[in-house]
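Asks:
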Amino acid sequence: MPRKPRFFVPGVPVHVVQRGNNRQAVFFDEHDYRVYLIWLSEAVAAHGCAIHADVLMTNHVHLLMTPLECRSVSSTLQALGRHFVPYINRC
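If you want it as structure tokens, here you go:
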């Protein structure tokens, strides 16, 4: 049975956690962190989210973000993943 869609209220901050598959590392050196933050800033600008705080750990990320529209969080993370996942998989 599929999960129910997530419900985001525009203007209300949400805590988002992204983890590596099976909690594997997703950042291997300092450059990976910088690349992630660059693509994150591009994604939030393009999809209407505000980032208030971020914590980048070796195998996961915490984001405190406020969506400006109902689908802003989903579309932001999808756009970020389309860039960052192939980048990391090439390493």
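Per our numbering, residue -8 is the first one in the sequence shown, and the count goes up by one each step. Even glycine gets a Cβ: it sits at the ideal position worked out from N, Cα and C.
Could you pull out every residue in the same chain whose Cβ sits closer than 6 Å to the Cβ of residue 46, ignoring the five residues on either side in sequence?
Replies: 53, listed in sequence order.
Asks: What does the alpha-carbon distance come out to for the pair residue 62 and residue 71?
Replies: Approximately 14 Å, taken between the alpha carbons.
Asks: Using the Cβ count rule (16 or more neighbours within 10 Å means buried), how would you classify residue 57?
Replies: By the neighbour-count rule (16 or more Cβ atoms within 10 Å), residue 57 is buried.
Asks: Would residue 75 and residue 24 qualify as a contact pair, given that the criterion is a beta-carbon distance under 8 Å?
Replies: No. Outside cutoff.
Asks: Would you report the Cα separation of residue 1 and residue 78, rounded to the nearest angstrom?
Replies: Approximately 31 Å between the Cα atoms of the pair.
Asks: Residues in the same chain with beta-carbon distance under 6 Å from residue 30, minus the five sequence neighbours each way, listed in chain order, please.
Replies: 71, 74, 75.
Asks: In whole angstroms, give me the CA-to-CA distance for residue 17 and residue 82.
Replies: The alpha-carbon atoms of residue 17 and residue 82 are separated by roughly 10 Å.
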